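Count along the sequence shown starting at 1, add 15, and that's the number in the numbering used here. All C-beta atoms, glycine included, are put in the ideal place defined by N, C-alpha and C. Remember, predicted model here, so these are calculated numbers, not experimental data. Just below is one structure, and these are the notes that go with it.
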Amino acid sequence: MATSPSAALTGAAPHALDRAATAAAVAQARAAVDVRELTDIPALTSAARLFADIWNTDQPPLNSDVMRALAHAGNYVVGAFDGEELLGASVAFLGLRQGPMLHSHISGVRASAQGRSIGFALKLHQRAWALGRGIENITWTFDPLIRRNAYFNLVKLGARATEYLTDFYGDMSDGINQGQHSDRLHLTWPLLAPHVIDLLDATPSRRPAQPDAAAHAEPRLVQGPNGGPKPHPTNAHAQLCWIPPDIEALRRKDPAGAAHWRLALRTALTGALAEGYAIGTCTRSGHYLLTRRNPS
């Protein structure tokens, strides 16, 4: 993994880059993949085909020519390989919206390789790559109705939800997103925050026990008797918004019901954010935990 000297991490804790690189190497070993940068046309073409397969579309969501330009300009374009077989890929570009950061635009893993923690290996590689270039924050967006991604992003990685983006990409034509609003949660991943270091760089025995912060929270959005969403008005300090366990299956079985969940969750989360709540985490039971911010 090519990186700039760790001195690029101005003010960072000693050995932060070394720890991040070690954690990334361990994650790759556990997933049995080698994550490496993609630069040549054949590799980039393979990545574009992989993305097209994952998103179930004839036209890849990101073409090889765009990835070629991004890679040549020094951005993050990588693949996860088992031998010479490409099983996953990730593309991110540099941004300046709130200071220097890396924006992770697209990441995916081949369906046949799901369950090997390849996505986790890609993210830890991305973190070490960014830190090696003096970048201490990574941002990305995800569909807030996909429960497994909410748990992965907020709990396993320690990213923080910062913004609800309504219909962010407009109409999308791929096989996953076609026919629905493209609402997204915007995340910021503070790579050197103490909680992230504890999650990713500490040994398991050092990782702090997670308190059950949701134990005394009141529901704001629940599943109703008919299986659909049911709003539950509350002004409690801590609140819960439930999301279905498999929204993708629901979209195939009941598109109207899935759309109802989309609008209900949008109303609940945008309303809570406007009222001064923060989206803290996602519980194992599939609830977003909202807590009221301290007044400034």
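Terminal residues of the beta strand (DSSP E) in which residue i lies
| i | result |
| --- | --- |
| HIS247 | Segment: none, HIS247 is in no beta strand (DSSP E) and carries neither H nor E. |
| PHE108 | 100-110 |
| ALA47 | First-last for ALA47: undefined, no H or E at that position. |
Cβ neighbours of residue i in the same chain (closer than 8 Å, five flanking residues each side left out)
| i | result |
| --- | --- |
| TRP276 | LEU160, GLY243, PRO244, ILE258, PRO259, ILE262 and LEU265 |
| ASN164 | PHE157 and ASP158 |
| VAL48 | ALA95, PHE96, ASP97, LEU102, GLY103, ARG131, ILE133 and ALA136 |
| MET82 | LEU53, LEU59, ALA62, ALA63, VAL92 and VAL106 |
Spatial neighbours of residue i in its chain, beta-carbon cut-off 6 Å, leaving aside the 5 residues before and after
| i | result |
| --- | --- |
| SER61 | LEU101 |
| GLN43 | VAL50 and ALA136 |
| ARG199 | THR156, LEU180 and PHE183 |
| SER311 | Low per-residue confidence applies at SER311: pLDDT is 48, beneath 50, and the placement is therefore not dependable, though the value from the model is reported in the following sentence. Excluding residues within five positions, none has a Cβ falling inside 6 Å. |
| LEU284 | TYR179 |
| SER79 | LEU59, THR60 and ALA63 |
| LEU139 | ALA38, ALA39 and ALA42 |
C-alpha gap between residue i and residue j, whole angstroms
| i | j | result |
| --- | --- | --- |
| HIS252 | ARG307 | 5 Å |
| ALA88 | ARG148 | 14 Å |
| THR203 | ALA174 | 6 Å |
| ARG299 | TRP70 | 26 Å |
| ALA107 | HIS231 | 38 Å |
| GLY239 | ASN90 | 46 Å |
| PRO234 | TYR303 | 10 Å |
| CYS256 | GLY185 | 25 Å |
| THR154 | TYR166 | 16 Å |
| ILE150 | GLY114 | 10 Å |
N-terminal and C-terminal residue of the alpha helix (DSSP H) that residue i is part of
| i | result |
| --- | --- |
| SER79 | 79-87 |
| TYR166 | 162-166 |
| HIS275 | 270-289 |
| GLY185 | Counting along the chain, GLY185 falls outside any alpha helix (DSSP H), and DSSP gives it neither H nor E. |
| ARG142 | 133-146 |
| PRO57 | 56-69 |
| LEU180 | From DSSP, LEU180 is part of no alpha helix (DSSP H) but of the beta strand (DSSP E) over 175-180. |
Beta-carbon spacing of residue i, residue j below 9 Å
| i | j | result |
| --- | --- | --- |
| GLY110 | HIS118 | yes |
| VAL93 | LEU65 | no |
Closest by C-alpha distance to residue i, when choosing among the options
| i | options | result |
| --- | --- | --- |
| ALA36 | ILE133, LEU85 and ASP216 | ASP216 |
| THR249 | ILE56, GLU151 and GLY286 | GLY286 |
| HIS120 | PRO76, ARG83, ILE150 and ALA126 | PRO76 |
| ARG142 | VAL211, GLY103 and GLY114 | VAL211 |
| ALA176 | TYR292, ALA229 and LEU139 | TYR292 |
| ARG162 | THR296, LYS138 and ARG267 | THR296 |
| ALA86 | ILE56, GLN74, ASP68 and GLU99 | ILE56 |
| ASN241 | GLU151, ASP269, ILE150 and GLU99 | ASP269 |
| THR282 | ARG267, PRO246 and PHE167 | PRO246 |
| LEU278 | ARG267, HIS196 and ALA46 | HIS196 |
Nonlocal neighbours in the same chain, by C-beta distance under 7 Å from residue i, ignoring five residues either side
| i | result |
| --- | --- |
| ALA58 | GLY94 |
| LEU146 | LEU24, ALA31, LEU32, ALA35 and LEU206 |
| VAL124 | LEU102, GLY103, ILE133 and GLY134 |
| LEU288 | TYR179 |
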